[in-house]
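S.K.: The structure's right below; bear with me while I get my questions together.
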Amino acid sequence: MTTSSTAEGGTTQLGGDRVVVWSPEYLDYRWGPTHPMNPTRLDLTMALSKSIGLLEGVETVHPSPADDVDLLRIHTPAYLDAVKRAGAVAPGTAAVADAPHGLGTEDNPIFPRMHEASATLAGGTLAAAREIASGRTLRAVSIGGGMHHAMADWAAGFCVYNDAAIAISWLLDNGYDRIAYVDVDAHHGDGVQHAFLGDPRVLTISLHQHPATLWPNTGWSSEVGSGEAEGTSINMPVLPGTVDSLWLRAFHAVVPGALAAFRPQILISQCGADSHREDPLADLALTVDGQRASYLAMRDLADRHCEGRWLAVGGGGYGLVRVVPRAWTHLIAAALDREIDPTTAVPEDWRERVGALAPGVDLPTVMGEDSDVSYLPWDGPGGTPETGVASLDRALTRIDSAIIATRRSAFPLLGLDPEDPRD
Ligand SMILES: [Zn+2]
């Protein structure tokens, strides 16, 4: 496998070392007109990425739906059968009225061709994994993936098939035995954690809003994995209202040390954008700039620990117009080494198109939100700085309590010193 990203002539070779996985069929994953997860967010992201020039010369891989053999890596035959049958009948019919397997609920209503659309999202993440495993690319991004709540036998939290778990399982059968999964969605990455809770070959790390305050109410720092896999589930809950600088302090206090100890061969990132301060379903307070900083940090960690191998997927994110398109355009840009400065203007043609679709929405004019994403690195217990601003001091104390709880739960199991900021 080559780690070179330089083509003849010294220009960055795009499309060879970096792949964008996309299918217009991702837009068929459509729960209904009033459901918060509207695939318009994906459409507007790709439109913005194209409009801003990000995709010029970039290879786009068009995935096939995941087949049953791959879906069955994670899901039960009974569940697959139920999804297929549900998507073949009219919404709301008696056949699904008792919501077996989580299908037909308010969160996960039946929609036409549910199986086909869900299998296509899973196929996209699987295609990204195959591109990397084959050595054709070092990085691949599929914004349609990230359905991290789906469980073996039931749908949950707008997720039908757990694409990341399926891709991880496939990688485990295709030459990888140390895989790291980092989930920065506002919600706990419960489905992926659960799939590999007892598997020491997979490290899952989830940063999310505190489980006492948000569904699915799991992801406590005490959840560390089971049996021989103790220490390979890490949970970093943060309180509602956590802003960029504090979120980044927590991220950098936990993720780099854990990855350095685990020594993964590949990093998979779930990049749900519902951590944003405007998200209607969660209460964190990140900006697009903070989200961008997290994507760049994860890419850099893949460079440092995984010889560059990085698979990034989307996830939650319900700021359909003002948030997700900018956040995930920055994600694609990070994967392509074509970072976009947050002060870059949002192209006028995109604004015109979106203005017609979403009249009355205050459309963004630039790619960022003028947030300072610098952060004070965590400096060990007792190292909480005093800023002189009482509210910030209190917030720092709270985030540091959470950081030390997570480190004390998981770090000794990885052979790390939870008290030592160098670990
Ligand atoms: Zn979420």
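All the letters of the sequence shown, read from the start, carry residue numbers 515 to 937 under this note's numbering.
Glycine residues also receive a C-beta, built at the ideal position from the N, C-alpha and C atoms.
1) Say whether the stretch 767 to 774 touches the stretch 808 to 821, bearing in mind that this needs 3 or more beta-carbon pairs closer than 8 Å, one atom from each stretch.
2) In three-state terms, what does DSSP make of D697?
3) On a CA-only basis, which of I780, L568, D667 and L877 is nearest G689? Give me that one, please.
4) Please classify N731 as buried or exposed, where buried requires at least 16 neighbouring CB atoms within 10 angstroms.
5) Quick one: is the Cβ of G830 within less than 8 Å of any heavy atom of ligand 2?
6) Determine whether the beta carbon atoms of R763 and L910 lie at a separation below 9 Å.
7) Is the CB-CB distance between G882 and G828 below 9 Å?
8) Below 9 Å between beta carbons: does that hold for V880 and T901?
9) Please report the Cβ distance between P878 and R836, rounded to the nearest whole angstrom; I am assuming they are in contact, meaning their Cβ atoms lie under 8 Å.
10) Can you tell me which of G833, A647 and H663 puts its alpha carbon nearest to the alpha carbon of W729?
11) Can we say the stretch 863 to 873 touches the stretch 554 to 564, given the rule of at least three CB pairs closer than 8 Å?
12) Hey, V597 and M628 are a contact pair by Cβ (cut 8 Å); roughly how many whole angstroms apart?
13) Rounding to the nearest angstrom, what Cα-Cα distance links Q784 and V655 in this structure?
14) Hey, out of L930, I846, R823 and Y889, whose CA is closest to I646's CA?
15) Between the C-alpha atoms of A609 and P577, what's the straight-line distance to the nearest angstrom?
16) Could you tell me which uninterrupted beta strand (DSSP E) segments, each at least 3 residues in length, are contained entirely in the stretch 660 to 743, listed from first to last along the chain?
17) Just mark R587 as buried or exposed, buried being the case when its beta carbon has 16 or more other beta carbons within 10 Å.
18) Please classify A904 as buried or exposed, where buried requires at least 16 other C-beta atoms within 10 Å of its C-beta.
19) Hey, would you say A579 sits closer than 9 Å to E630, going by beta carbons?
20) Please determine if the stretch 707 to 715 and the stretch 886 to 896 are in contact, where contact requires at least 3 C-beta pairs separated by less than 8 Å.
21) Rounded to the nearest angstrom, what separates G741 and L711 at their Cα positions?
22) Can you find the residues in the same chain that come closer than 6 Å, C-beta to C-beta, to G638, ignoring five residues on each side of it along the sequence?
23) Starting from the N-terminal side, write out each stretch of the beta strand (DSSP E) that is 3 residues or longer and does not extend beyond the stretch 810 to 869.
24) Give the straight-line distance between the Cα atoms of L825 and A679, rounded to the nearest whole angstrom.
25) One question on the structure: do A799 and T756 come within less than 9 Å of each other, judged by their Cβ atoms?
26) Quick check for students: name the residue ranges of the beta strand (DSSP E) that lie wholly in the stretch 548 to 613, counting only runs of 3 or more.
27) Is A678 near ligand 1, going by C-beta to nearest heavy atom under 8 Å?
28) Need the endpoints of the alpha helix (DSSP H) that R908 sits in, please.
29) If you reduce the DSSP assignment to three classes, tell me which class V875 lands in.
30) Note down the Cα distance separating L541 from P623, rounded to an integer number of angstroms.
31) I'd like the list of long-range same chain contacts for D713, defined as Cβ closer than 6 Å, with 5 residues on each side in sequence excluded.
32) Reducing DSSP to helix, strand and coil, say where P538 ends up.
33) Is it buried or exposed, E570, if we count other Cβ atoms within 10 angstroms and call 16 or more buried?
M.R.: With the structure as the only source:
1) Verdict: yes, contact present.
2) The answer is strand: DSSP assigns D697 an E or B state.
3) Ranked by how close their Cα comes to the Cα of G689, the residues I780, L568, D667 and L877 have I780 in first place.
4) Exposed.
5) Here the bound small molecules are ligand 1; ligand 2 is not part of this structure.
6) The criterion of a C-beta distance shorter than 9 Å is satisfied by R763 and L910.
7) For G882 and G828, no; Cβs fall outside 9 Å.
8) Cβ distance not < 9 Å, so V880 and T901 don't count as in contact.
9) Cβ-Cβ separation between P878 and R836: approximately 6 Å, consistent with a contact (criterion under 8 Å).
10) Considering only alpha carbons, the answer is H663.
11) Yes: the two stretches touch, three or more of their Cβ pairs being nearer than 8 Å.
12) The pair is a contact, with the Cβ atoms about 6 Å apart (cut-off 8 Å).
13) Distance between the alpha carbons of Q784 and V655 is about 10 Å.
14) When only C-alpha atoms are compared, the closest one is R823.
15) Only weak support exists for where A609 lies, its pLDDT of 48 falling under 50; the value from the coordinates is given anyway. In this structure, the alpha-carbon of A609 lies about 31 Å from that of P577.
16) Here the runs fully enclosed are 693 to 697 and 716 to 723.
17) Around the beta carbon of R587, 16 or more other beta carbons sit within 10 angstroms, so the residue counts as buried.
18) Looking at its Cβ environment, which holds fewer than 16 other Cβ atoms inside 10 Å, A904 is exposed.
19) Here the sequence assigns Pro to residue 579, which means Ala is not the residue at that position. Contact flag set, yes.
20) Contact between the stretch 707 to 715 and the stretch 886 to 896 is absent, because fewer than three Cβ pairs lie under 8 Å.
21) For G741 and L711, the distance between alpha carbons rounds to 9 Å.
22) Taking C-beta separations shorter than 6 Å and ignoring five residues to either side along the sequence, the partners of G638 in its chain run V535, P577, S656, G658 and G659, following chain order.
23) Segments of the beta strand (DSSP E) lying fully in the stretch 810 to 869: 824 to 827.
24) Inter-residue distance for L825 and A679 is about 12 Å (C-alpha atoms, whole angstroms).
25) Result yes, Cβ atoms of A799 and T756 sit closer than 9 Å.
26) Within the stretch 548 to 613, no complete beta strand (DSSP E) run reaches 3 residues.
27) Result no, Cβ not under 8 Å from ligand 1.
28) For R908, the enclosing alpha helix (DSSP H) covers residues A904 to A924.
29) Three-state result, V875: coil.
30) The C-alpha of L541 lies about 16 Å from the C-alpha of P623.
31) Excluding positions up to five away in sequence, the list reads A743.
32) If DSSP states are grouped into helix, strand and coil, P538 belongs with the helices.
33) Burial is judged here by how many other beta carbons sit within 10 angstroms of a residue's own beta carbon; E570 has fewer than 16 and is exposed.
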